[in-house]
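For reference, the structure discussed in these notes is given below.
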Amino acid sequence: MSLSISVIIPAYNAEKTLGECLKSVASAIGEMDEIIVVDDCSNDSTVSIAQSFRCHLVRLSENQGAANARNEGAGSAKNDLYLFVDSDVLITKDNVENIRKYFEKFRSCHTVTLNVNPSAGHDNFFSEYKNLYMNHIISMGHDDVNYVYGSCCATRASGYIPWPTYLRLTEDSLWGYLQKTQGHSIHCLKHVNVTHLKNYSFYTLVKNDFLISSYFARAFWGFKRWNTLYTRENFGHTSKTQIASVLLAVAMTLMFFIMPEITPFLLVAWFLLNKDLFFSQKEKKGTWFFIQSVAWTFFDHLIYFCGIFHGSLLSTGEKEKVFERELT
Numbered sequence: 038m039s040l041s042i043s044v045i046i047p048a049y050n051a052e053k054t055l056g057e058c059l060k061s062v063a064s065a066i067g068e069m070d071e072i073i074v075v076d077d078c079s080n081d082s083t084v085s086i087a088q089s090f091r092c093h094l095v096r097l098s099e100n101q102g103a104a105n106a107r108n109e110g111a112g113s114a115k116n117d118l119y120l121f122v123d124s125d126v127l128i129t130k131d132n133v134e135n136i137r138k139y140f141e142k143f144r145s146c147h148t149v150t151l152n153v154n155p156s157a158g159h160d161n162f163f164s165e166y167k168n169l170y171m172n173h174i175i176s177m178g179h180d181d182v183n184y185v186y187g188s189c190c191a192t193r194a195s196g197y198i199p200w201p202t203y204l205r206l207t208e209d210s211l212w213g214y215l216q217k218t219q220g221h222s223i224h225c226l227k228h229v230n231v232t233h234l235k236n237y238s239f240y241t242l243v244k245n246d247f248l249i250s251s252y253f254a255r256a257f258w259g260f261k262r263w264n265t266l267y268t269r270e271n272f273g274h275t276s277k278t279q280i281a282s283v284l285l286a287v288a289m290t291l292m293f294f295i296m297p298e299i300t301p302f303l304l305v306a307w308f309l310l311n312k313d314l315f316f317s318q319k320e321k322k323g324t325w326f327f328i329q330s331v332a333w334t335f336f337d338h339l340i341y342f343c344g345i346f347h348g349s350l351l352s353t354g355e356k357e358k359v360f361e362r363e364l365t
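Sequential numbering of the sequence shown, starting at 38, is according to the numbering used here.
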């Protein structure tokens, strides 16, 4: 007998994309599956949009973030698998069936994380860059991973581990880590791509990447994961190459003012670390996009460093105790 799926959609002020998301989900699932929308105390038309579809609506009285909303949805779910889909993500019938068949074939697999389409049809550089970047990072990673792509992932209902709710961002990295500590396997289905509708501008992408790196640093130090710096294991989908690239970008900036003669060598080293990303983008989007990508990636790495520095300052002993409670 096929495994049944509960699609759980956390939604907060999601009126711009929830309708498209629900249309895609409704056309993708089977008769034995269900849709659960968890309204995280929205103040727009999110609720009325959800009510116009055949789904189970859970309304929360207080906004507590996507992780808590996912847990509330799981508490209302009744099927074998929980498929978590963000309200700005589109899925297809093939996506759902690939997930279902994978869990049926690999019974030891507890959780799967999906990939993102390299293009979501946006006509601006920042949105296209982010989708291409995420697709590249996930595609270049391992098949057996210790993270999930929180916007679209699935897990078995049996042995479900609640999402950690302490951090509003990077909770997917924490959730993956918590599952690994309990002996659960996470597989990355690189060939199963969903469409992420999120539209970025210069400001929103800078803000996003600063906050993501800040929360990542807090999680990193909170869980005391410095062993991942010298072992094969990564913390989340951040690779050691990415960390080295960020440090090189900062070093290059400093050396430009202190010892400018070595800056070209650092630039070459930085470019070589990122060449796979750059040339994959050139192949898909052309030379002009490639040039913009090189410039933006360098700037973005400086933003990442600022975020990491900010998050490291906020990672106090008191907060580490909170992380320890998440593990128990």
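We put the beta carbon where it would ideally sit given N, CA and C, even for glycine. Since we're looking at a predicted model, the values are computed, not measured.
| task | Output the distance between the C-alpha atoms of Arg-193 and Asn-80, rounded to the nearest integer angstrom. | result | For the purposes of this step, residue 193 is identified with residue 156 of the sequence shown, where counting begins at 1. For the purposes of this step, residue 80 is identified with residue 43 of the sequence shown, where counting begins at 1. Straight across, the Cα-Cα distance linking Arg-193 with Asn-80 is about 32 Å.
- Item | Backbone CA spacing between Ser-195 and Ser-222 [nearest angstrom] | Translated into positions along the sequence shown, residue 195 becomes position 158. Translated into positions along the sequence shown, residue 222 becomes position 185. The straight-line gap from Cα to Cα measures roughly 13 Å.
For Ala-288 and Leu-339, which I take to be in contact (beta-carbon distance under 8 Å), what is that distance rounded to the nearest angstrom? As a first step, residue 288 is located in the sequence shown; it is residue number 251 there, counting from the start. As a first step, residue 339 is located in the sequence shown; it is residue number 302 there, counting from the start. Separation of the CB atoms of Ala-288 and Leu-339 is rounded to 11 Å, and the pair is thereby denied contact status at 8 Å.
Q.
If you reduce the DSSP assignment to three classes, tell me which class Glu-52 lands in.
A. What you label residue 52 is simply residue 15 of the sequence shown in a count that begins at 1. It is coil, neither helix nor strand.
Output the residue ranges of the alpha helix (DSSP H) runs that lie fully inside the segment 117–158 and measure 4 residues or longer, sorted by chain position. 130–142, all fully within the segment 117–158.
Exercise for the section: Tell me where the alpha helix (DSSP H) around Ser-330 begins and ends. Expected result: Here residue 330 is taken as the residue at index 293 of the sequence shown, counted from 1. The continuous alpha helix (DSSP H) containing Ser-330 extends over residues 324–351.
Next item on the list: Count the other CB atoms, across all protein chains shown, that sit within 10 Å of the CB of Ala-65; report buried if there are 16 or more and exposed otherwise.
Entry: Within the sequence shown, the letter at position 28 stands for residue 65. Buried: at least 16 other Cβ atoms inside 10 Å.
*asked:* Can you tell me whether Phe-346 is buried or exposed? The criterion is at least 16 other CB atoms within 10 Å of its CB, across all chains shown.
replied: Locating residue 346 in the sequence shown gives position 309, where the first residue counts as 1. Exposed, since its Cβ has fewer than 16 Cβ neighbours within 10 Å.
### Query
Going along the chain, which residues of its own chain have a beta-carbon closer than 6 Å to the beta-carbon of Asn-264, five neighbours each way excluded?
Position 227 of the sequence shown holds residue 264. In this predicted model, Asn-264 has a pLDDT of only 48, less than 50, meaning its place in the structure is not dependable; the value taken from the coordinates is given anyway. Nothing listed; no residue qualifies.
Span of the beta strand (DSSP E), counted from its first residue to its last, around Lys-115: Position 78 of the sequence shown, counted from the start, is the residue given in the question as residue 115. Segment: none, Lys-115 is in no beta strand (DSSP E) and carries neither H nor E.
query = Run through DSSP, which three-state label would Arg-96 get?
reply = In the sequence shown, counting from the first residue as 1, residue 96 sits at position 59. Look at Arg-96 here: in three-state DSSP terms it is strand.
Report task. Leaving out five residues on either side along the sequence, give the residues of the same chain with a beta carbon under 7 Å from the beta carbon of Pro-301. Result -> The residue labelled residue 301 in the question sits at position 264 within the sequence shown. Taking Pro-301 as the centre and dropping the five residues before and after it, the same chain places no C-beta closer than 7 Å to its C-beta.
- Counting along the chain, where does the alpha helix (DSSP H) carrying Leu-285 start and finish? Translated into the one-based positions of the sequence shown, residue 285 becomes position 248. Secondary structure note for Leu-285: its alpha helix (DSSP H) is the uninterrupted segment 277–295.
Is the beta carbon of Cys-189 closer than 7 Å to that of Val-9? Because the chain spans 38 through 365 in this model, residue 9 falls outside it and cannot be assessed.
Here's the rule I'm using: 16 or more other beta-carbon atoms within 10 Å means buried, otherwise exposed. How should His-228 be labelled? Position 191 of the sequence shown, counted from the first residue, corresponds to residue 228. By the 10 Å Cβ count, His-228 comes out exposed.
In chain order, what residues of the same chain lie with their CB nearer than 8 Å to the CB of His-147, ignoring the 5 residues before and after it?
Counting from 1 along the sequence shown, the entry for residue 147 is found at position 110. Hits under 8 Å: Thr-192, Arg-193, Gly-196, Gln-216, His-221, Ser-222 and Ile-223.
### Query
Around the C-beta of Ile-86, are 16 or more other C-beta atoms found within 10 angstroms, so that it is buried, or is it exposed?
The sequence position of residue 86 within the sequence shown is 49, counting from 1. Result: buried.
Going along the chain, which residues of its own chain have a beta-carbon closer than 8 Å to the beta-carbon of Ser-39, five neighbours each way excluded?
If you number the sequence shown from 1, residue 39 lands on position 2. Answer for Ser-39: Gly-67, Met-69, Arg-137 and Glu-141, listed in chain order.
Cβ-heavy atom distance, Asn-100 to the ligand PLP, below 6 Å: Although the ligand PLP was asked about, the structure shown includes no ligands whatsoever.
Exercise. Report the three-state DSSP secondary structure of Asp-209 (helix, strand or coil).
Key: Indexing the sequence shown from 1 puts residue 209 at position 172. Asp-209 carries a helical assignment under DSSP once its states are collapsed to helix, strand and coil.
I'd like to know whether the C-beta atoms of Ser-124 and Thr-54 end up nearer to each other than 7 Å. Numbered from its first residue, the sequence shown carries residue 124 at position 87. Numbered from its first residue, the sequence shown carries residue 54 at position 17. Yes, the pair counts as a contact, with Cβ atoms nearer than the cut-off.
- [ ] Look at the alpha carbon of Leu-284 and the alpha carbon of Phe-342, and state the distance between them as a whole number of angstroms.
- [x] As a first step, residue 284 is located in the sequence shown; it is residue number 247 there, counting from the start. As a first step, residue 342 is located in the sequence shown; it is residue number 305 there, counting from the start. Distance between the alpha carbons of Leu-284 and Phe-342: 8 Å.
- Quick one: measure Cβ to Cβ for Ile-72 and Ala-63, integer angstroms, because I've assumed they're closer than 8 Å. For this step, residue 72 is matched to residue 35 along the sequence shown. For this step, residue 63 is matched to residue 26 along the sequence shown. Right, their Cβ atoms sit about 7 Å apart.
Q) Helix, strand or coil: which one does DSSP assign to Ser-43? A) The sequence position of residue 43 within the sequence shown is 6, counting from 1. Here Ser-43 sits in strand by DSSP.
On the DSSP letters alone, give me the boundaries of the beta strand (DSSP E) that Ile-174 sits inside. Start at 1 with the first residue of the sequence shown, and residue 174 comes out as number 137. DSSP places Ile-174 outside any beta strand (DSSP E); the residue lies instead in the alpha helix (DSSP H), whose first and last residues are 162–176.
Do Val-331 and Phe-315 have their C-beta atoms closer together than 7 Å? Walking along the sequence shown from the start, residue 331 turns up at place 294. Walking along the sequence shown from the start, residue 315 turns up at place 278. Yes, they are a contact pair.
*What is the C-beta distance between Gly-348 and Arg-255, in whole angstroms, given that I count them as a contact (C-beta under 8 Å)?*
The sequence position of residue 348 within the sequence shown is 311, counting from 1. The sequence position of residue 255 within the sequence shown is 218, counting from 1. That belief holds up - the Cβ atoms of Gly-348 and Arg-255 are roughly 4 Å apart, short of 8 Å.
With H, G and I counted as helix, E and B as strand and the rest as coil, what does DSSP make of Cys-225? For the purposes of this step, residue 225 is taken as residue 188 along the sequence shown, with counting starting at 1. In this structure, Cys-225 counts as strand in the three-state DSSP scheme.
Quiz item: What do you get for Leu-297, buried or exposed, if any count of 16 or more other CB atoms within 10 angstroms of its CB means buried?
Solution: As a working note, residue 297 is residue 260 in the sequence shown. The displayed chain sequence assigns Pro, not Leu, to residue 297. With a 10 Å radius around the Cβ and a threshold of 16 neighbouring Cβ atoms, Pro-297 comes out exposed.
query: Among the residues of its own chain, which have a CB less than 6 Å from the CB of Ile-299, if the five just before and after it don't count?
result: The residue given as residue 299 occupies position 262 in the sequence shown. Excluding five sequence positions before and after Ile-299, the CB atoms of its chain that fall closer than 6 Å to its own CB belong to Met-292, given in chain order.
- Report all residues from its chain with a CB closer than 6 Å to the CB of Leu-226; omit the five preceding and five following residues, and keep chain order. Translated into positions along the sequence shown, residue 226 becomes position 189. Contacts found: Val-149 and Leu-151.
* Asked: Going along the chain, which residues of its own chain have a beta-carbon closer than 6 Å to the beta-carbon of Val-75, five neighbours each way excluded?
  -> Here residue 75 refers to the residue found at position 38 of the sequence shown. Result list for Val-75: Pro-47, Val-95, Ala-106, Glu-109 and Gly-110, in chain order.
Checklist line | Those residues which DSSP pairs with Ala-191 across a bridge | finding: Locating residue 191 in the sequence shown gives position 154, where the first residue counts as 1. For Ala-191, which the question treats as bridged, DSSP gives the partners Leu-120 and Val-149.
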